[in-house]
Amino acid sequence: MTTAVIIVVLVLGLVLIFTEVAVIPGFGVAGALGLLALASGAIAAWTELGPLWGGVAGGVSVLGAGGMLYWLPKSRVGRKMVLEHSQAEAISQSDRSELVGRRGITVTPLRPIGRARFGSDEVDVMTEGEYVGSNQEVEVMTVEGPRVVVRIPDAT
């Protein structure tokens, strides 16, 4: 293998791993082929160019893959894949019985599920089937476990 082919194989490995992480969820064919390409490129560099360049190729491969894993969660694509709230926060929101009777403002349209703000808390809510637009006042009717059922309050 020539030096150019070794470089192409290493870059292809990094591209395949990036594709697996950013585009295709899970650890599948692209990720396995990417790891195989990185290993093949490092071994080819070791045998063709000597231990120094083999070590450099292996190090660059590890640093490149690690850099992508570090960079990806900070990128726009990565932020779409990462949860904003922790699981503990989601579990703690399941007891919302104190909200019954309170009024709040919808943050998103309720079709029939969306989000509403009650004071400083933003809560997942649902209607009994009707559509409610954004920035509408709603009142909590019932709380059934994690379900918070709201309606538009009567104008009395």
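Residue numbers (numbering that gives the first Met the number 0): 0 to 155.
A virtual CB, placed ideally from N, CA and C, is assigned to each residue, including glycine.
In this structure, the CA atom of Ser96 is about 24 Å from the CA atom of Gly132. CA-to-CA, the gap between Thr107 and Ile16 works out to about 36 Å.
Short of 6 Å from the beta carbon of Thr1, and not among the five residues preceding or following it, lies no beta carbon of its own chain. In the three-state DSSP reduction, Thr126 falls in the coil class, being neither helix nor strand.
By alpha-carbon distance to Ala36, the top candidate from Val139, Val124, Ser60 and Gly118 is Ser60. Contact between the stretch 40 to 57 and the stretch 1 to 13 is present: three or more C-beta pairs spanning the two stretches fall below 8 Å.
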